[in-house]
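J.: In this note's numbering, the protein residues as written are 1 to 240.
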Amino acid sequence: MMKIIPAIDVINGRCVRLFKGDYNFQKDYLPSPFEVAKKIEQAGFSDLHLIDLEGAKEGRVVNWPVIEQITQNTKLAVEVGGGVRAKDEVARLLALGVQRIMLGSLALQNPEILKDLLVAFGSEKIMVDIGWKDGGVYYHGWQEKADKEFEQVLKELLALGVNRILLTDVDKDGALQGPNFGLYERVGRDFPELLVTASGGISSKSDLRRLKNSGVEAVVVGKAFHEGWLSLSDLQNYER
């Protein structure tokens, strides 16, 4: 069964969303990240997707208090990304109770360190965050483009032992215009051994139903949830 994961993006301890990954187009939301996480938990969800957007930009985890408050005071399985660049940060996050770590820049720029992390913590604890745009791969808060083609990146990640990726079409993120279905269908066909979490553009229950048919393992829903396009009840009952 495809898992639906509500998302929280954090800057300066607040819930925010960007438009197409652009920090110049930031929208703040109330209530606090912790209050949103509690609401998600109370609605019956088991998972939370949390991105430290400040961390992604600065190259280090910044919003430690938010992460700790949520992991220590909810039973949510929290996956965290944004700025994780070092083994000690991964260890600290896991010690706080984080379920899974999303690695972008580190994974794409330092395959040796990625391999070390996979060996040390296991492939179940590591997910590689890939921003896709016009066939290219983007990292560092989606601000920089990798010098390798998308398919080559996936092949190299598989060779290192990665089995789980977060895949976002950057131009769809925060746009509420529907996901890039063709991208997920192609990856599912060409790389069936990868467990893919889809992100970016989801705005309706029909989007979720079609993504399920594409074979993705999970779907992250952010702006549609925060803007009220999809309620938590809608997310739980998208097949109806």
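In this text, a Cβ means the ideal position worked out from N, Cα and C, and glycines have one as well.
What residues in its chain sit with their C-beta under 8 Å from that of Q236, if we drop five residues either side in the sequence?
T.: Position 236 of the sequence shown, counting from 1, holds the residue named residue 236. Contacts found: I4, A43, G44, F45.
J.: DSSP on T74, reduced to helix/strand/coil?
T.: Indexing the sequence shown from 1 puts residue 74 at position 74. In the structure shown, T74 sits in coil (DSSP, three-state: anything other than H, G, I, E or B).
J.: Would you tell me roughly how many angstroms separate the C-alpha atoms of A95 and T71, rounded to the nearest one?
T.: Numbered from its first residue, the sequence shown carries residue 95 at position 95. Numbered from its first residue, the sequence shown carries residue 71 at position 71. Each residue's Cα considered, the two are about 10 Å apart.
J.: From S199 to P31, what distance separates their C-alpha atoms?
T.: Position 199 of the sequence shown holds residue 199. Position 31 of the sequence shown holds residue 31. Each residue's alpha carbon lies about 23 Å from the other.
J.: On the CB-based measure, 16 or more other CB atoms within 10 Å of its CB, does G222 come out buried or exposed?
T.: As a first step, residue 222 is located in the sequence shown; it is residue number 222 there, counting from the start. So G222 counts as buried.
J.: Note down the Cα distance separating P33 from V90, rounded to an integer number of angstroms.
T.: Sequence index remark: in the sequence shown, residue 33 carries index 33 (1-based). Sequence index remark: in the sequence shown, residue 90 carries index 90 (1-based). Taking the straight line from one Cα to the other gives about 21 Å.
J.: My guess is that V98 and V78 are in contact by the Cβ rule of under 8 Å, so how many angstroms apart are they, rounded?
T.: Indexing the sequence shown from 1 puts residue 98 at position 98. Indexing the sequence shown from 1 puts residue 78 at position 78. Yes, V98 and V78 are in contact; Cβ-Cβ is about 5 Å, under 8 Å.
J.: Among L117, L106, G122, which residue has its Cα nearest to the Cα of I130?
T.: Sequence index remark: in the sequence shown, residue 130 carries index 130 (1-based). It is L106 whose Cα lies nearest to the Cα of I130.
J.: Suppose only complete runs of 4+ residues qualify. What are the alpha helix (DSSP H) ranges in the region 119-166, listed by chain order?
T.: 150-160
J.: Going by the CB atoms, is the gap between K87 and D47 shorter than 9 Å?
T.: Counting from 1 along the sequence shown, the entry for residue 47 is found at position 47. Counting from 1 along the sequence shown, the entry for residue 87 is found at position 87. Not in contact: D47 and K87 (Cβ atoms no closer than 9 Å).
J.: Considering only C-alpha positions, which residue in the set G122, Y139, D134, K155 is nearest to V84?
T.: Locating residue 84 in the sequence shown gives position 84, where the first residue counts as 1. Residue Y139 is the option with its Cα nearest to V84.
J.: Do the region 180-193 and the region 211-225 touch if we need at least three Cβ pairs shorter than 8 Å?
T.: yes
J.: Taking the alpha helix (DSSP H) that D173 falls in, what are its first and last residues?
T.: Locating residue 173 in the sequence shown gives position 173, counting from the first residue. No alpha helix (DSSP H) holds D173; DSSP gives it neither H nor E.
J.: What three-state label does DSSP hand R240 in the structure shown?
T.: Here residue 240 refers to the residue found at position 240 when the sequence shown is read from its first residue. Here R240 sits in coil by DSSP.
J.: How long is the line joining the alpha carbons of L154 and R100, rounded to whole angstroms?
T.: Counted from its first residue, the sequence shown places residue 154 at position 154. Counted from its first residue, the sequence shown places residue 100 at position 100. Cα-Cα distance, rounded: 19 Å.
J.: Going along the chain, which unbroken runs of the alpha helix (DSSP H) with 4 or more residues stay wholly within the region 211-238?
T.: 223-226, 232-236
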